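Report on the following structure.
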Amino acid sequence: MRSKYTAKETNIPQNGRKLLEVFKRHDADGDGRLSKAEIKKAFGELGSFIPAFRAHRGLNHADSNGDGFVDMNELEDLVQYAENHGFTGST
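The opening position of the sequence shown corresponds to residue 1019 in the working numbering, with each subsequent residue numbered one higher.
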């Protein structure tokens, strides 16, 4: 099955690709977008002390169209948010 996350992946630096893979892995229903619950699970895997807080803040940062999800066009912003808060993708 082809990944639905392809639009902006080439703009993500190599050090963010691990984060990208973690977030993509948590698209549990395969719809090409991440819900708050899926983002929370991803931040939990990344070792966040309070993953619900990080999910809330990450969603607010990345959800530019306000639909309550991070889609493939917004994923780069979520990765940037995670990098800016010290997450590396290494667990």
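Each residue gets a CB set at the ideal place from its N, CA and C atoms; glycine is no exception.
None of the values given here were measured: they were computed from a predicted structure.
CA-CA distance, Ser1066 and Asp1047?
-> Between the alpha carbons of Ser1066 and Asp1047 lies a distance of about 23 Å.
Keeping to the same chain, check which residues put their C-beta closer than 6 Å to that of Phe1061; ignore five residues upstream and five downstream.
-> Only residues of its own chain outside the window of five on either side were considered, and among them Pro1069, Arg1072 and Ala1073 have a CB closer than 6 Å to the CB of Phe1061, listed in chain order.
Residues near Val1088 by beta carbon distance below 7 Å, same chain, minus five either side | Taking Val1088 as the centre and dropping the five residues before and after it, the same chain places the C-beta of Arg1051, Leu1052, Ile1057, Leu1077, Ala1080, Asp1081 and Leu1096 closer than 7 Å to its C-beta, in chain order.
DSSP puts Leu1052 in a beta bridge; with which residues?
-> Under DSSP, Leu1052 forms a beta bridge with Val1088.
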